[in-house]
Amino acid sequence: MKHSILFALSLLLSTVLQAEDTIAKSRQLELSNLLIQDCGSCHGLRMKGGLGPALLPSNLKGKSAEFITATILDGRPGTAMPGWRPLLSVAEARWMTEQLLDAKP
Amino acid sequence: MKFCCSLILALLSFNGFARGTGDMGVLIERATSSVQIIETTGNTSLAQVTGLGDLSHASIVYSRDERFAYVFGRDGGLSKVDILEAKLSARVLQSGNSIGGAISQDGRLVAVSNYKPGGVKVFDANTLDLVADIPAVYGDDQKLSKVIGLVDAPGQLFIFSLWDAGEIWVADMSVPASPAIKKFKNIGLNPYDALITGNGRYYIAGLFGEDGMALLDLWHLDKGVQRILPGYGKGEQKLPVYKMPHLEGWAVAGNHAFVPAVGHHEVIVIDMLNWQEAGRIKVQGQPIFVMARPDGRHVWVNFAIPNNDTIQIIDTQSLAIIKQLKPGKGVLHMEFEPRGEEVWLSVRDEDRVEIFDTQSFERKATIPAKKPSGIFFSARAHRIGL
Numbered sequence: 001m002k003h004s005i006l007f008a009l010s011l012l013l014s015t016v017l018q019a020e021d022t023i024a025k026s027r028q029l030e031l032s033n034l035l036i037q038d039c040g041s042c043h044g045l046r047m048k049g050g051l052g053p054a055l056l057p058s059n060l061k062g063k064s065a066e067f068i069t070a071t072i073l074d075g076r077p078g079t080a081m082p083g084w085r086p087l088l089s090v091a092e093a094r095w096m097t098e099q100l101l102d103a104k105p
Numbered sequence: 106m107k108f109c110c111s112l113i114l115a116l117l118s119f120n121g122f123a124r125g126t127g128d129m130g131v132l133i134e135r136a137t138s139s140v141q142i143i144e145t146t147g148n149t150s151l152a153q154v155t156g157l158g159d160l161s162h163a164s165i166v167y168s169r170d171e172r173f174a175y176v177f178g179r180d181g182g183l184s185k186v187d188i189l190e191a192k193l194s195a196r197v198l199q200s201g202n203s204i205g206g207a208i209s210q211d212g213r214l215v216a217v218s219n220y221k222p223g224g225v226k227v228f229d230a231n232t233l234d235l236v237a238d239i240p241a242v243y244g245d246d247q248k249l250s251k252v253i254g255l256v257d258a259p260g261q262l263f264i265f266s267l268w269d270a271g272e273i274w275v276a277d278m279s280v281p282a283s284p285a286i287k288k289f290k291n292i293g294l295n296p297y298d299a300l301i302t303g304n305g306r307y308y309i310a311g312l313f314g315e316d317g318m319a320l321l322d323l324w325h326l327d328k329g330v331q332r333i334l335p336g337y338g339k340g341e342q343k344l345p346v347y348k349m350p351h352l353e354g355w356a357v358a359g360n361h362a363f364v365p366a367v368g369h370h371e372v373i374v375i376d377m378l379n380w381q382e383a384g385r386i387k388v389q390g391q392p393i394f395v396m397a398r399p400d401g402r403h404v405w406v407n408f409a410i411p412n413n414d415t416i417q418i419i420d421t422q423s424l425a426i427i428k429q430l431k432p433g434k435g436v437l438h439m440e441f442e443p444r445g446e447e448v449w450l451s452v453r454d455e456d457r458v459e460i461f462d463t464q465s466f467e468r469k470a471t472i473p474a475k476k477p478s479g480i481f482f483s484a485r486a487h488r489i490g491l
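Taken in sequence, the protein lines are chains A and B.
The first sequence: position 67 = 67 (the numbering used here), numbered continuously.
Just remember that the numbering used here sits 105 ahead of the position in the second sequence, which is counted from 1.
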């Protein structure tokens, strides 16, 4: 029983990971544009901050990828940061987190 | 021979200067540190000026002779662009992070509102030398607030709001080096932008942190700030706000003003005689700019992502949506030509600016531009608050 739960979990995990790998190139371009242009509206096109905080790798130091992904998906209550879950999948938010941590935007 | 010489001389003297600037404008290319100088008589692009820094959320005010455009960049850059010669005349990096600016009633001072360090800096419009520094200090621990909604007003005033502090400040610049400041506190949570009516009398800040707006009657400062439209979203779940609405384009038609509701798919109609809500118009997304055609008969509305490919047009008499346009993905800004016969729309994600006829709603021209955002015509030079 325990094994089957573990098996189901690992299956779930691998599907999620696969999903991450399979974000189509065209969608990656859209997400990249979203990150620069729309996130950039508040965080700056160069991620140096604006109404929202700066999001350069040095600013994100000490914050886990999970935390950043959760912030993208569900926002920060009490601030101007909205949750993007209606517009993004978990895998897409994770991909954007990677872009931020690698300073790709 | 003699004729030839005089012809050459005539040609030489007819350089780029020999034209007026009243039909000119500037459009921001937000991702490439550049602007295009355009004209609205033939609807063409005339030149590009580069090297203007980070232009996310850039905006522009004009000198009173309509020759110079002051460009406010995100990185704190203040650039003075000569639109006749299509060149950068002066530029200062005046802060770490800024959001907008204004030019004084007499045209001699340019003010910039800053996020970091929070406050307003005032410059000589001619030289861009610093004239006054107004740190937005608030609270017991003397923190600095981000500043938004900076406008000019009659009486050589600059007015602005403090996002973190929830305050409105009125700075009298009669003695430029020592501004006299009146502070209005507890105006509401997180003012996100503000506007001033075309006659320069009412300053209104929109609130992000709560439903409602803060109104200041500049003819009666002693009466203080009045809260209007309290709880306009009562009982409704607030939707995520994917882009801050803008209040710059104060849409007024008759006694009605049209403003975007924050976190709701609605445009709110305000009766300006009593400042009560006079109606709501359901729209197809979160409105960003709600702008009246100069004659006030129609109001054009653009929207936040994911509905930012669509424009809706409201008839101000019936309050009905009479037209929907799909100019393309990422419609960021609209600018009407001064008498309203045409409107320019920036379509960011498709790298073009579209010009529409406002009667027939037909597309008149397309101008390629890299990630265009704000469009600013020189006629703004003579309008209070713009």
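We treat Cβ as the ideally placed atom computed from N, Cα and C, and that holds for glycine.
Listed by chain order, chain A residues near residue i by CB distance under 8 Å
i: residue 351(B); result: Near residue 351(B) there are no residues of chain A at all, since even the closest Cβ is about 11 Å away, more than 8 Å.
i: residue 251(B); result: 51
i: residue 202(B); result: 44, 48, 49 and 50
Collapsed DSSP secondary structure at residue i in the structure displayed
i: residue 422(B); result: coil
i: residue 382(B); result: strand
i: residue 26(A); result: helix
i: residue 219(B); result: strand
i: residue 182(B); result: strand
i: residue 15(A); result: Unreliable positioning characterises residue 15(A) in this predicted model, as indicated by a pLDDT of 49, which lies under 50. The coordinate reading is nonetheless provided below. Three-state result, residue 15(A): helix.
i: residue 209(B); result: coil
i: residue 364(B); result: strand
i: residue 33(A); result: helix
i: residue 188(B); result: coil
i: residue 60(A); result: helix
i: residue 410(B); result: coil
i: residue 489(B); result: coil
i: residue 70(A); result: helix
i: residue 429(B); result: strand
i: residue 280(B); result: coil
i: residue 483(B); result: helix
i: residue 417(B); result: strand
i: residue 40(A); result: helix
Per-residue contacts from residue i into chain B (C-beta, under 9 Å)
i: residue 46(A); result: 159, 161, 179 and 180
i: residue 75(A); result: 345
8 Å Cβ cutoff, residue i in contact with chain A
i: residue 219(B); result: no
i: residue 135(B); result: yes
i: residue 64(B); result: Residue coverage of chain B in this structure runs from 106 to 491, which leaves residue 64(B) outside it and unanswerable.
i: residue 475(B); result: no
i: residue 304(B); result: no
i: residue 399(B); result: no
i: residue 363(B); result: no
i: residue 313(B); result: yes
i: residue 411(B); result: yes
i: residue 265(B); result: no
Cross-chain neighbours of residue i in chain A, by beta carbon under 7 Å
i: residue 453(B); result: 37
i: residue 226(B); result: Under the 7 Å cutoff, chain A gives no residues; its nearest Cβ is about 17 Å from residue 226(B).
Residue environment, residue i, which counts as buried when at least 16 other CB atoms sit within 10 Å
i: residue 467(B); result: exposed
i: residue 94(A); result: buried
i: residue 454(B); result: buried
i: residue 397(B); result: buried
i: residue 432(B); result: buried
i: residue 500(B); result: This structure cannot settle anything about residue 500(B), because the visible part of chain B is limited to 106 through 491.
i: residue 170(B); result: exposed
i: residue 67(A); result: exposed
i: residue 198(B); result: exposed
i: residue 211(B); result: exposed
Partner residues on chain A for residue i, Cβ-Cβ distance less than 9 Å
i: residue 444(B); result: Simply none; closest approach about 31 Å.
Any chain B beta carbon closer than 8 Å to residue i
i: residue 53(A); result: no
i: residue 87(A); result: yes
i: residue 50(A); result: yes
i: residue 18(A); result: Residue placement at residue 18(A) cannot be trusted, given a pLDDT of 48 that sits under 50; what the coordinates show is reported in the next sentence. So, not an interface residue.
Amino acids of chain B, ordered along the chain, whose beta-carbon sits closer than 8 Å to that of residue i
i: residue 41(A); result: 161, 162, 348 and 349
C-beta neighbour in chain D for residue i, strict 8 Å
i: residue 82(A); result: As a matter of chain content, chain D is missing from the structure shown, whose protein chains are A and B.
Chain-ordered neighbours of residue i on chain B, where CB pairs are closer than 7 Å
i: residue 33(A); result: 454
Any non-hydrogen atom of the ligand MN within 7 Å of residue i CB
i: residue 140(B); result: Looking for the ligand MN in the displayed structure turns up nothing, as the structure carries no ligands at all.
- request: Decide yes or no for the touch test of the stretch 38-57 of chain A against the stretch 273-291 of chain B: beta carbon pairs closer than 8 Å, at least 3 of them.
  value: no
Any 3 or more C-beta pairs closer than 8 Å across the stretch 469-487 of chain B and the stretch 294-302 of chain B: no
query: Would the stretch 315-327 of chain B and the stretch 23-40 of chain A be scored as touching if the rule is three or more Cβ pairs under 8 Å?
result: no
message: Contact between the stretch 236-246 of chain B and the stretch 190-207 of chain B is defined here as three or more beta-carbon pairs at a separation below 8 Å; is this criterion met?
response: no
- prompt: Okay, do the stretch 406-414 of chain B and the stretch 378-390 of chain B touch, 3+ Cβ pairs below 8 Å being the bar?
  reply: yes
message: Quick check: the stretch 186-196 of chain B against the stretch 213-227 of chain B, are at least 3 beta-carbon pairs closer than 8 Å?
response: no
Stretch-stretch touch, CB-based, cutoff 8 Å, three pairs: the stretch 266-279 of chain B with the stretch 234-244 of chain B: yes
query: Are the stretch 465-481 of chain B and the stretch 444-453 of chain B in contact at 8 Å, needing three or more beta carbon pairs?
result: yes
field: the stretch 363-375 of chain B contacting the stretch 304-318 of chain B, beta-carbon criterion three pairs below 8 Å
entry: yes
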